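To start, the structure under review is shown below, and the notes come after it.
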Amino acid sequence: MTRDRRDELLHTLARLAALPEEPPVIVVDNGSTDGTAEAVAREHPWVRLLRPRRNLGAVGRNLAVREVGTPYVAFCDDDSWWAPGSLAASADLLDAHPGLAGVTARIVVEPAGTEDPIVAELRDSPLDGPDWLPGPALGSFLAAATTLRTDA
């Protein structure tokens, strides 16, 4: 999902294109006026580009999910991306734990690669969950670092 962040999005798409998982990518352009959509179409023709008539904000994610043809959807924003192998690891966790609706990845911040402070908050969640959970139960999640079941 993006709006008027052409350069950041093109960088993210180049990183996603290099992933070993070769994921299909859907971009929701929320009314950019800086040539973002045109640049995506020109430089990354493999990307499915959705251009709603108006800025939908975060609801744009729902528009994209309707277009997904896979059992899982991994979100990222125009300034975030997945590390090589992390999408496969997410899918493996979801496959191994059919009761999970989603998994949230560890988030590191460039350029230093330091862990985002939200990671500790999520990891140290005070919520009790069932014993079969492979990690903490979460009351919320950061969409840009989460893989969800499309049927959840």
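Here the working numbering is used: the first residue of the sequence shown is 53, the next is one more, and so on.
Backbone N, C-alpha and C fix where the C-beta goes; we use that ideal spot for every residue, glycine too.
Owing to the predicted nature of the structure, the values given are computational and were not obtained by experimental measurement.
Local conformation of residue i per DSSP, three classes
{"i": "Ala189", "result": "coil"}
{"i": "Arg215", "result": "No information on residue 215 is available, as it lies outside the stretch 53 to 204 that the chain covers here."}
{"i": "Thr198", "result": "strand"}
{"i": "Gly77", "result": "A small correction: the amino acid at residue 77 is Val; Gly does not occupy that position in the sequence shown. Val77 falls in the coil class under three-state DSSP."}
{"i": "Val120", "result": "coil"}
{"i": "Thr85", "result": "coil"}
{"i": "Leu179", "result": "coil"}
From the options, residue whose alpha carbon lies closest to that of residue i
{"i": "Asp56", "options": "Val120, Ala195, Arg103", "result": "Arg103"}
{"i": "Ala135", "options": "Arg113, Gly165, Glu60", "result": "Gly165"}
{"i": "Pro182", "options": "Ile170, Pro163, His149", "result": "His149"}
{"i": "Ala143", "options": "His63, Gly83, Arg201, Val161", "result": "Arg201"}
Contacting residues, own chain, Cβ-Cβ under 6 Å from residue i (five flanking each side not counted)
{"i": "Ile78", "result": "Arg100, Ala116, Glu119"}
Continuous alpha helix (DSSP H) stretch holding residue i: start and end
{"i": "Leu174", "result": "169 to 175"}
{"i": "Thr156", "result": "Not the alpha helix (DSSP H): Thr156 falls in the beta strand (DSSP E), residues 154 to 156."}
{"i": "Thr207", "result": "In the structure displayed, the chain extends from 53 to 204; residue 207 sits before or after that span and is not available."}
Classification of residue i by the beta-carbon crowding that lies within 10 angstroms, buried from 16 upward
{"i": "Leu179", "result": "exposed"}
{"i": "Asn107", "result": "exposed"}
{"i": "Thr85", "result": "exposed"}
Close Cβ partners of residue i (< 8 Å) along its chain, the five nearest in sequence each way excluded
{"i": "Leu174", "result": "Thr156, Pro188, Leu190, Phe193, Leu194"}
{"i": "Thr39", "result": "The structure shown does not extend to residue 39, since the chain is modelled only from 53 to 204, so the question has no answer here."}
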